[in-house]
Structures are given as C-alpha cells and as structure tokens.
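Residue numbers (the working numbering), protein chains in the order written: chain A, 580 to 804; chain B, 580 to 804. Below is one structure; the comments refer to it alone.
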DNA sequence: AAATAAAAGTGTACTTGCAACACTTTTTAC
DNA sequence: GTAAAAAGTGTTGCAAGTACACTTTTATTT
C-alpha cells in the first residue's frame with residue numbers, strides 16, 4: 580500500500596493522548612487532574628492530554644504529556660483504549676487514545692504541577708470532566724484493577740521501600756474492599772520477589788515495621804522461563 | 580478547548596482500522612486474511628483493513644470493514660489496541676486501531692470473500708503479514724483468549740445450535756490445550772444460560788448429540804444485578 | 001518506673017473449587 | 001448380531017483461599 584493516491588482520498592484527524600495519572604496517599608487512590616483557569620470552559624476539569632506530533636510515536640506522546648506535567652519520565656504506563664466517537668470533542672474531530680500512569684505521589688515536581696493548575700483528587704471526589712474523560716477514567720480504573728490482580732503493578736504507586744501495612748492499604752484501595760491481614764501477609768510471603776530490605780520504618784508505629792522492596796530481577800526470573 | 584487555533588498547530592494523521600477476523604472449523608481457529616493480487620507488494624498477506632472516514636465512528640469503521648468483506652454486520656467485535664509507531668506503515672504515517680471479530684464460519688458471504696481475494700487460514704499456518712499485522716494478531720489472540728476465560732464470547736464462533744462436543748473442541752482450540760470431558764460438562768451444566776434446545780444432532784455420531792443454545796436473556800440476568 | 005496506647009506480627013481449621021480418572025449407553029453400518 | 005464410534009455420566013483427592021483473635025514491641029504519658 581505504498582501508493583500516495585491510495586492514502587490521499589482518505590481524511591486525516593488529530594490524534595490525541597489523554598492520561599489517567601494514578602497516585603496513592605492516605606489510604607486512597609488519587610488522580611492528577613487539570614482545572615482550566617482561562618476561558619473558554621474556565622473552571623472545568625480534564626485529564627492531562629496532548630496531541631501526537633509528527634515523527635512522534637503514540638506511546639512517546641503519552642509519556643511526554645505526563646513528563647511535562649509531573650517531571651517524571653520513567654513511569655509505568657499502559658494504553659487503555661482509543662475513543663473515536665464523531666462528536667466526542669465538540670471543537671474538531673479528534674481521536675484520542677487513553678493511557679494510565681502510576682506515580683509515586685512523593686516524587687512528582689510540585690512546581691510543574693502548580694504551573695499547570697493541576698491537583699491530586701481522591702477517587703471518590705472526582706468531578707465531572709470534559710468530553711468523555713469520565714468514561715476514560717472508568718475504563719482505566721477497571722483495566723488497572725485487573726492488571727493489579729495479575730501482576731504487582733501497584734508497587735509503582737509506592738516508594739522504593741514500603742511496609743506491608745502500606746502495601747495492604749494500597750491493594751485495599753485498588754480493589755475497593757478490605758483484605759484480611761494474615762491472609763495478605765501469607766500471600767506476600769510466597770512472593771520471593773518482595774523482599775525485606777532489613778530497614779525499619781518507625782514513622783507510623785512505635786514498634787516499627789519491616790521495610791520491603793520489589794526485586795525486579797527475581798520477578799522477571801520467575802516468569803521468563 | 581473550542582478554539583480553532585488550539586487545534587490547527589497540530590498535525591493530522593490517517594486513522595486506520597485493522598480487523599482480526601476469527602473463525603472456527605475442523606477443531607481449529609482460523610483467520611480471514613487477504614492476499615494482494617496486484618502490485619505493489621503483490622502476493623503479500625494482510626489483515627482486513629480500512630480508513631476511518633469523516634463523520635464515521637471508529638467502531639463503526641471497523642464494523643464496515645468486516646461487513647464489506649464478509650457480508651455480516653452484527654458480529655461480536657472488540658477493540659484490541661492502537662498502534663502508533665512512526666514507521667509502522669512505510670507509505671505514510673498511519674495510526675491503526677486493531678479490532679477482533681468472531682464469525683460463525685458457516686455464515687459469511689463466499690462471493691464477497693472471493694472477490695476480495697481473502698482466505699481462511701488456520702492459526703498455525705498464518706503467514707508473514709505486512710507491517711505490524713503479525714503483532715496485531717498476537718495481541719488479539721491473547722485478548723480474545725483472556726475474554727473467553729471470563730465470559731462465553733467463544734459462542735459467537737459457533738452456529739446458534741451446537742453440541743457440547745463442538746463447544747469443548749472450540750474451547751480447546753481457543754486455549755490451546757486439551758480439556759477433560761467430564762469436568763468441562765460439569766462446568767457447562769452449572770451455566771443455566773447454556774440450555775438444551777431439545778434437538779439432536781446426528782451428523783457427527785450414531786448415537787446423536789444433544790443440541791444446546793446460548794440464552795442471552797438468562798446470561799444478562801445473571802450479571803446485571 | 002509503671003501503665004497505656006498503637007500498630008506490627010503471627011497459625012490453624014474449614015470450605016470450596018478444580019483436577020484426575022474409566023466405563024456404559026446408544027445407534028448405525030456391516 | 002456384532003462391531004464401531006461418539007455421547008454421556010460420578011467420585012475422590014488436593015490445593016488454594018477464607019475466616020478468625022491474640023501477642024509482641026516500643027514510645028509516650030503519668
């Protein structure tokens with residue numbers, strides 16, 4: 580299909596990416612959302628989005644959009660879905676591909692986020708968003724939840740070293756239901772790729788809690804047979 | 580974001596859809612593939628594809644592409660992934676969204692398929708395809724397999740009435756491994772939305788096998804509580 | 001120095017779903 | 001009537017998951 584004529588009879592469209600950026604804080608999942616502080620549609624909320632540029636891979640466009648907002652460029656990101664309703668963007672026709680990103684909420688660039696008028700909003704308090712962005716959030720949440728039950732992607736929401744209490748709270752937030760402490764710890768103990776660092780965190784308890792880390796080599800080793 | 584100037588600084592791209600059309604015959608999954616019978620790239624194989632047109636929903640574009648080839652317009656279809664590598668189409672830059680479709684292989688329009696120089700190819704014999712179409716097939720297969728373990732989507736590959744032996748052969752083809760007959764039938768017996776029609780199929784055995792059908796109302800009722 | 005408070009950490013019994021496994025029934029064709 | 005070919009049918013064992021409550025440790029307070 581290398582004939583120019585073959586392509587030229589077909590229309591072209593803007594290609595956007597919209598990013599559902601998840602964080603985890605105080606036992607709840609949050610999203611990083613932007614509030615427009617200029618007209619039109621001043622005050623309305625949206626996902627972090629942008630357009631795919633010439634010569635730019637679509638995955639790279641999504642990474643760029645997140646990096647421009649957070650300063651972080653090595654995040655865990657996955658494509659969720661492409662939305663192509665004719666009237667989804669009332670301005671012009673735009674096809675948009677949604678990606679989700681997982682952020683350690685301690686690490687992002689606060690200046691950049693402030694400059695973009697972006698805020699972390701806890702999941703139950705997500706406002707009405709522009710266009711079909713609420714649907715994108717629902718789809719991303721469902722997909723992220725599924726992935727979290729299959730692989731330890733959730734760990735990307737925690738700092739490098741974490742306690743089992745934090746990890747349990749994270750999974751409770753992701754799955755939206757309480758988990759039995761003893762059963763949870765039994766399951767984690769079977770995962771040799773979640774290993775004790777030897778360190779102890781005393782910020783959250785008097786007794787102190789053992790710190791753990793994710794060992795990527797061991798994890799990859801387990802599954803790349 | 581309703582200002583024209585906001586959009587116009589960004590490039591536009593062709594938006595394609597490519598369809599992985601699954602069928603099931605003689606105990607094996609097949610794909611409906613096209614072989615180019617004209618230059619350039621004469622003889623090369625590809626998925627059924629097409630471009631999204633103005634005023635056309637992207638899902639509708641995928642349905643149109645499959646309908647133009649098979650004559651079938653009410654198939655089970657799901658979006659798989661969007662491929663946006665810069666050089667994925669050596670002609671012009673094209674972003675392509677892959678969909679899979681499930682076809683009752685007895686039902687398609689043979690004239691249309693012949694006119695398009697398309698052929699059913701069994702999965703183990705899939706040839707090298709143009710561009711990134713082999714990767715699309717792998718991704719679609721993985722996604723379809725996952726969905727088949729979660730919901731009875733596979734039934735869309737069978738005729739309205741089917742025997743349990745056919746259904747088991749289908750799931751063996753989808754999952755790529757043999758299934759124990761008694762365990763399989765026990766599991767099916769628990770699904771009240773797979774019900775006996777009362778009919779008997781004698782084409783495949785002397786004894787005759789009970790015919791079953793999928794009851795969509797019962798299925799929806801079970802899960803829409 | 002003793003009491004208190006607050007989170008970390010630990011084991012067992014029960015239930016349930018999945019996996020392994022082989023023979024009988026029915027009917028047509030020879 | 002016998003042979004062939006597919007349909008149909010139950011039980012047992014195992015493993016994974018679930019339910020469930022008390023002890024340990026240490027900083028803070030009195």
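We treat Cβ as the ideally placed atom computed from N, Cα and C, and that holds for glycine.
Discussion item. By the 8 Å beta-carbon criterion, what residues does the region 687-709 of chain A contribute toward chain B?
Written reply: Contact residues of the region 687-709 of chain A toward chain B are 709 (C-beta to C-beta distance below 8 Å).
Fill in: Listed by chain order, chain A residues near residue 720 of chain B by CB distance under 9 Å
Correct list: empty, because the minimum Cβ distance to chain A is about 17 Å.
Worksheet entry | residue 618 of chain A versus residue 591 of chain B - alpha carbon distance | Those two C-alpha atoms are separated by around 25 Å.
Worksheet item: Since residue 637 of chain A meets chain B, which of its residues come closer than 7 Å, beta carbon to beta carbon?
Response: Correct list: 661, 663, 674.
Practice prompt. List the residues that DSSP assigns as beta-bridge partners of residue 587 of chain A.
Written response: Paired residue(s): none; residue 587 of chain A is not in a bridge.
Item to complete: Go to residue 645 of chain A, then tell me how far its alpha helix (DSSP H) extends in each direction, as first and last residue.
Response: Annotation for residue 645 of chain A: the continuous alpha helix (DSSP H) segment containing it runs 637-649.
Item to complete: For chain A, find out if any of its Cβ atoms is closer than 8 Å to the Cβ of residue 712 of chain B; answer yes or no.
Response: No - not a single Cβ of chain A is within 8 Å of the one on residue 712 of chain B.
Item to complete: List the residues that DSSP assigns as beta-bridge partners of residue 673 of chain B.
Response: In DSSP, residue 673 of chain B forms a bridge with B:593.
Worksheet entry | 8 Å Cβ cutoff, residue 617 of chain A in contact with chain B | Not one chain B Cβ lies under 8 Å of residue 617 of chain A.
Worksheet item: In chain A, which residues lie with their C-beta within 7 Å of the C-beta of residue 671 of chain B?
Response: Per Cβ cutoff of 7 Å: 586.
Fill in: C-beta contact flag for residue 599 of chain B and residue 729 of chain B at 8 Å
In this structure, residue 729 of chain B does not lie closer than 8 Å to residue 599 of chain B by Cβ.
Worksheet item: Where does residue 784 of chain B fall in DSSP's three states?
Response: In this structure, residue 784 of chain B counts as coil in the three-state DSSP scheme.
Practice prompt. May I ask you to list, following chain order, the residues of the region 592-610 of chain A that have a beta carbon less than 7 Å from some beta carbon of chain B?
Written response: For the region 592-610 of chain A, the beta-carbon criterion of a distance under 7 Å to any beta-carbon of chain B is satisfied by 592, 593, 594.
Fill in: Proximal chain A residues relative to residue 726 of chain B, where beta-carbon distance stays under 9 Å
What residue 726 of chain B touches in chain A: nothing, since even the nearest Cβ is about 11 Å away.
Discussion item. In the DSSP assignment, the alpha helix (DSSP H) including residue 753 of chain B goes from what residue to what residue?
Written reply: 743-754 is the extent of the alpha helix (DSSP H) around residue 753 of chain B.
Worksheet item: Apart from the five residues just before and just after residue 712 of chain B, which ones in its own chain have a Cβ nearer than 7 Å to its Cβ?
Response: Only 597, 625, 626 meet the Cβ criterion.
Worksheet item: Name the chain B residues whose beta carbon is nearer than 7 Å to that of residue 658 of chain A?
Response: Here the neighbours are 660, 661.
Discussion item. Whole angstroms are fine: how far does the CA of residue 646 of chain A sit from the CA of residue 670 of chain A?
Written reply: Rounded to whole angstroms, residue 670 of chain A to residue 646 of chain A spans 26 Å at the Cα level.
Item to complete: Taking residue 630 of chain B as the query, report the chain A residues whose CB atoms sit under 9 Å from its CB, ordered along the chain.
Response: Under the 9 Å cutoff, chain A gives 586, 588, 589, 590.
Worksheet item: Quick one: what's residue 656 of chain A bridged to in DSSP?
Response: In the DSSP secondary-structure assignment, residue 656 of chain A is bridged to A:680.
Worksheet item: Which residue comes first and which comes last in the alpha helix (DSSP H) that contains residue 607 of chain A?
Response: No alpha helix (DSSP H) holds residue 607 of chain A; the beta strand (DSSP E) holding it covers 607-614.
Item to complete: Count the other C-beta atoms from every protein chain shown that fall within 10 angstroms of the C-beta of residue 662 of chain B, then say buried if there are 16 or more, exposed otherwise.
Response: Buried is the call here.
Item to complete: Could you tell me whether the Cβ atoms of residue 777 of chain A and residue 750 of chain A are closer together than 8 Å?
Response: Cβ distance not < 8 Å, so residue 777 of chain A and residue 750 of chain A don't count as in contact.
Worksheet entry | 8 Å Cβ cutoff, residue 755 of chain B in contact with chain A | Not an interface residue.
Fill in: First through last residue of the beta strand (DSSP E) which encompasses residue 719 of chain B
Unbroken run through residue 719 of chain B is the alpha helix (DSSP H), 712-729; no beta strand (DSSP E).
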